[in-house]
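A short worksheet on the structure shown next.
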Amino acid sequence: MTNALSIPHTDRDQVYQLAFIMFAGSRRLLSTKPVQVCRRCLSSKAQQAVLQPIASHKRPIASFVSAAPRTATLRCSFFTSTTLRASAPTAAEAMERIEQLYENASEEFQIAAEETEGNTVYAADDRAAAKAEVDKLEEFYKSVVEGTGYDASVREEVKRRAGQRVRELVNAMTALEEKAMEHD
Numbered sequence: 048m049t050n051a052l053s054i055p056h057t058d059r060d061q062v063y064q065l066a067f068i069m070f071a072g073s074r075r076l077l078s079t080k081p082v083q084v085c086r087r088c089l090s091s092k093a094q095q096a097v098l099q100p101i102a103s104h105k106r107p108i109a110s111f112v113s114a115a116p117r118t119a120t121l122r123c124s125f126f127t128s129t130t131l132r133a134s135a136p137t138a139a140e141a142m143e144r145i146e147q148l149y150e151n152a153s154e155e156f157q158i159a160a161e162e163t164e165g166n167t168v169y170a171a172d173d174r175a176a177a178k179a180e181v182d183k184l185e186e187f188y189k190s191v192v193e194g195t196g197y198d199a200s201v202r203e204e205v206k207r208r209a210g211q212r213v214r215e216l217v218n219a220m221t222a223l224e225e226k227a228m229e230h231d
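For the sequence shown, the residue numbers in our numbering are 48 to 231.
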């Protein structure tokens with residue numbers, strides 16, 4: 048049995064055991080033992096499995112390397128490249144978030160417009176919900192376009208791709224509120 052201190056670039060406090068109890072369970076998965084994994088690089092000892100049983104558990108515990116053959120290894124570069132991302136947000140990420148907010152806001156706006164047109168009991172509540180969603184969209188859009196958290200190229204890209212749609216929805220919401228005031 049290998050001592051935890053022998054794992055490269057770690058000490059006893061940086062080593063932990065990843066263990067997942069598999070409830071659906073294949074017998075092969077449930078019969079494997081957990082693997083000691085380095086916290087810094089998430090690799091097993093020099094990319095070799097160091098198997099140690101956990102005696103305190105009554106049920107068998109599955110291994111982090113799952114049902115893959117024992118020769119399967121973890122690649123340190125995969126984990127460090129995905130977890131240590133320090134780059135600025137991209138236009139695609141900002142646009143994805145704006146599209147989600149726009150979809151929610153436009154759905155709420157459609158519901159509010161139908162309820163206002165029908166002059167139903169729920170019209171005021173639906174307008175308030177639509178206004179809240181439109182405000183969220185407008186706030187995020189302004190934070191991207193006017194804020195300092197994004198590069199100038201990202202701000203211009205977002206303004207070019209989403210600016211018109213956001214302005215149209217904000218203006219439509221204003222018109223809907225004015226129309227509701229006339230009905231009341």
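Beta carbons: idealized from backbone N, C-alpha and C, even for Gly.
Supposed close pair residue i, residue j - CB separation, criterion 8 Å
i, j, result
"A152", "L184", "5 Å"
"R212", "Y149", "6 Å"
"A171", "M220", "About 14 Å; that fails the 8 Å criterion."
Extent of the continuous alpha helix (DSSP H) to which residue i belongs
i, result
"D173", "170-193"
DSSP three-state assignment for residue i, whether helix, strand or coil
i, result
"T137", "coil"
"N218", "helix"
"Y197", "coil"
"T163", "helix"
"L223", "helix"
Pair within 7 Å by beta-carbon distance, residue i and residue j
i, j, result
"E180", "E155", "yes"
"D182", "I158", "no"
Same chain, Cβ closer than 7 Å to residue i, neighbours up to 5 away in sequence not counted
i, result
"A138", "V201, E204, V205"
"G165", "none"
Same chain, Cβ closer than 6 Å to residue i, neighbours up to 5 away in sequence not counted
i, result
"A209", "I145"
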